[in-house]
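All remarks here apply to the structure that follows.
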Amino acid sequence: NAGVTQTPKFQVLKTGQSMTLQCAQDMNHEYMSWYRQDPGMGLRLIHYSVGAGITDQGEVPNGYNVSRSTTEDFPLRLLSAAPSQTSVYFCASSYRRTDRRSEAFFGQGTRLTVV
Amino acid sequence: QQQVKQSPQSLIVQKGGISIINCAYENTAFDYFPWYQQFPGKGPALLIAIRPDVSEKKEGRFTISFNKSAKQFSLHIMDSQPGDSATYFCAAGEEGFKTIFGAGTRLFVKA
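Residue numbers (this note's numbering), protein chains in the order written: chain A, 1 to 115; chain B, 1 to 111.
Below is the structure:
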């Protein structure tokens, strides 16, 4: 049981390049989300998904795209990388429960630098 | 506009002391209030969580106090230990999982 797996762990991009951050979970969780973590800003929600085929925007969605074709995978696409997107990116997943909310399990993070 | 406000930004506590971190929220649709702990180089991990139908929840040395009318909640760490040194995030979620995090508090417990 690997939990939430993010790849790559580190990435350096040039301004204008595009790339996809991968996230996979093996816990059959309905909910998945992407956050970025910046010093003094905490974790800010980029996009989230409540199930396969359903995605929605979070607090800071501009410059990012997501899709959810399967329950397991939730990739984050940077369309045209900018230095402002230098950050640590975390993927998280959780169950949807009718009686109580489940904890979110986080991946180890992807440290992205845009030069 | 920050939906979840957390204070202080940093906190230094002596070993054995009490660490207190405060959070406030605006959106009354929030119905789930977790606290996460993060160590350097790792993803956040759930520490303790509360729903708004209770005013307090205790798990070991960690206690959440919740004031629904004031839209505030806090984390108390009793008998703080050097191993508790980490960054703590409060968060608030509404139906459908959309969880918003505070800015984080860096706690350092002096031995």
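The C-beta atom is built at its ideal place from N, Cα and C for all residues, glycine as well.
query: Under a three-way DSSP split, which group does P34 of chain B fall into?; result: strand
query: Between which residues of its own chain and E56 of chain B is the CB-CB distance below 6 Å, once the five residues before and five after are set aside?; result: S65
query: Which residues of chain B have a Cβ atom closer than 9 Å to the Cβ of V104 of chain A, listed in chain order?; result: In the sequence as presented, Val is not what sits at residue 104 of chain A; that position holds Ala. Near A104 of chain A (Cβ distances below 9 Å), the residues of chain B are P34, Y36, P44, L46, A91, G93, F97 and T99.
query: Measure the C-alpha to C-alpha separation of V50 of chain A and Q85 of chain A and round it to an integer number of angstroms.; result: 25 Å
query: Closer than 7 Å by C-beta to G53 of chain A: which residues in its own chain qualify, once you throw out the five before and the five after it? Chain order, please.; result: R68
query: I'd like the list of long-range same chain contacts for A86 of chain B, defined as Cβ closer than 7 Å, with 5 residues on each side in sequence excluded.; result: Q37, Q38, F39 and L107
query: Any Cβ of chain B within less than 7 Å of the Cβ of Y141 of chain A?; result: Given a span of 1 to 115 for chain A in the structure shown, any question on residue 141 of chain A remains unanswerable.
query: Per DSSP, T87 of chain B is paired with what?; result: B:Q38 and B:R106
query: Once you ignore the five residues that flank T71 of chain A on each side, which residues in its own chain have a CB closer than 6 Å to its CB?; result: A52
query: Beta strand (DSSP E) containing N65 of chain A: first to last residue?; result: Y64 to V66
query: In the structure shown, what three-state DSSP assignment does Q85 of chain A receive?; result: helix
query: For L116 of chain A, which residues in chain B fall below 9 Å Cβ to Cβ?; result: Shown here, chain A extends from 1 to 115; a query on residue 116 of chain A therefore has no answer.
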